[in-house]
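Just so we're aligned, residue 221 is where the sequence shown starts under our numbering, counting upward by one. Input: a single structure, listed below in structure tokens.
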Amino acid sequence: AINLATALAAIGERVLIVDLDPQGNASTGLGIDRKDRTVSSYDVLTGELELEAAAVPTAVPGLSIVPSTLDLLGIEMEIASAPDRVLRLRNALRAATERSA
Numbered sequence: 221a222i223n224l225a226t227a228l229a230a231i232g233e234r235v236l237i238v239d240l241d242p243q244g245n246a247s248t249g250l251g252i253d254r255k256d257r258t259v260s261s262y263d264v265l266t267g268e269l270e271l272e273a274a275a276v277p278t279a280v281p282g283l284s285i286v287p288s289t290l291d292l293l294g295i296e297m298e299i300a301s302a303p304d305r306v307l308r309l310r311n312a313l314r315a316a317t318e319r320s321a
């Protein structure tokens, strides 16, 4: 994902990676130190933040990432009873796309 995102950014596309792995390998791979992750995809999935507010710029121009934290380990239990749980990421991406249009 990192290589594809970097290649797209290199040709002028705006790219956003949403790291949904609790280990945060994509975040680490793009230089986002674990101790500096004050916002994360967990915040987006729980509805605490909109996608744009959780996006962190990287050293690659045009490439941002919504980093991951270990908080994601418990997200399934936390939103298990939410009727929109399987649509939360899609809804966040759709809303961000509409706001940027």
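Positions of the beta carbon are idealized from the N, C-alpha and C atoms, including for glycine.
For the pair Ile237 and Ala221, the CB atoms are nearer than the 9 Å cut-off. Leu269 carries a coil assignment under DSSP once its states are collapsed to helix, strand and coil.
By the criterion of at least three beta-carbon pairs nearer than 8 Å, the stretch 256 to 267 is in contact with the stretch 278 to 293. Counting only residues of its own chain and dropping the five nearest sequence neighbours on each side, Thr248 has a CB closer than 8 Å to the CB of Arg254.
Rounded to the nearest angstrom, the Cβ distance from Gly282 to Arg234 is 5 Å, consistent with a contact under 8 Å.
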